[in-house]
Structure formats: C-alpha cells, structure tokens
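Take 9 as the starting number for the sequence shown in my numbering and just add one per residue.
The C-beta atom is built at its ideal place from N, Cα and C for all residues, glycine as well.
Predicted model only: the values in this text are computed from it and were never measured.
Here is the structure we will look at.
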Amino acid sequence: PILVRDYIRKKFYVNNEKNVAPNLKLVIENQLSKFFGINGSSVNFTNLTPRKKSIRISSNGKKESVSTGFNLSGTITAQPDILKLLYYKGLGSKTSLGLGCWEVVK
Numbered sequence: 009p010i011l012v013r014d015y016i017r018k019k020f021y022v023n024n025e026k027n028v029a030p031n032l033k034l035v036i037e038n039q040l041s042k043f044f045g046i047n048g049s050s051v052n053f054t055n056l057t058p059r060k061k062s063i064r065i066s067s068n069g070k071k072e073s074v075s076t077g078f079n080l081s082g083t084i085t086a087q088p089d090i091l092k093l094l095y096y097k098g099l100g101s102k103t104s105l106g107l108g109c110w111e112v113v114k
C-alpha cells in the first residue's frame with residue numbers, strides 16, 4: 009500500500025481517492041527535487057485506480073496509529089532514470105517503513 013501525505017496540509021494524509029493522484033504527483037516531484045536534485049521532472053499517472061486500505065503503524069507494539077493508505081493500479085510515465093529511482097525509493101510517504109512498494113506489470 010501507498011501512504012500519501014496531503015501536500016497542502018502537511019500534517020495530514022490523503023483519505024479520499026480523488027485526491028491521491030494530484031497529491032502523489034506533488035509529493036514525488038518535491039522528493040525528487042529535495043533528495044536527488046532533480047527539478048522539472050514530469051511524472052504522470054494514467055488510469056490510476058486507488059482502493060482504500062487501512063494501515064497500522066506501531067512503535068514497539070505500544071503506540072499504534074491507523075491511517076488510510078491506498079492500493080493503486082494504473083500507469084506511471086516518466087523518464088527511465090526517474091522510474092528507476094522511484095522503483096527503488098518507493099512511492100508516497102513512510103517508504104522507510106516498507107510502504108510505497110510497487111511492481112512493473114507489462
């Protein structure tokens with residue numbers, strides 16, 4: 009699943025399917041610029057169909073938070089180098105927790 013931070017209200021995560029694509033695009037472009045110095049990249053999504061999925065995040069089993077994530081299917085288009093970066097980095101937020109993994113389907 010992919011967790012998408014609301015780009016305008018940074019303390020919140022997207023919980024509505026229609027807001028996933030625009031926020032995910034902004035988050036990805038911001039991360040590419042901030043972490044990799046890649047500006048003006050064009051990452052586009054077509055036929056994106058998000059399905060809600062609850063995500064539980066816990067710290068040592070003591071404190072647990074439940075957020076709304078999404079399972080996505082669709083097409084991502086970008087330059088091959090950027091797609092490779094996104095493949096290894098992950099999509100969206102909290103990728104260090106294992107969220108944001110995706111696979112290439114031909």
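- The continuous alpha helix (DSSP H) containing Ile36 extends over residues Val28 to Phe44.
- Counting along the chain, no beta strand (DSSP E) covers Leu93; the unbroken alpha helix (DSSP H) around it starts and ends at Pro88 to Lys97.
- Annotation: Gly69 to Gln39 spans about 29 Å, alpha carbon to alpha carbon.
- Comparing alpha-carbon positions, the option among Val22, Val112 and Val74 lying closest to Pro58 turns out to be Val22.
- Shown here, Glu72 sits in a strand according to DSSP, grouped into three states.
- When secondary structure is reduced to three states using DSSP, Ser104 falls in the helix class.
- If you ignore the 5 residues before and after Thr85, its C-beta comes within less than 6 Å of the C-beta of Asn52, all in its own chain and listed in chain order.
- Distance check between Lys26 and each of Lys102, Ser67 and Lys60 places Lys60 closest, using alpha-carbon atoms only.
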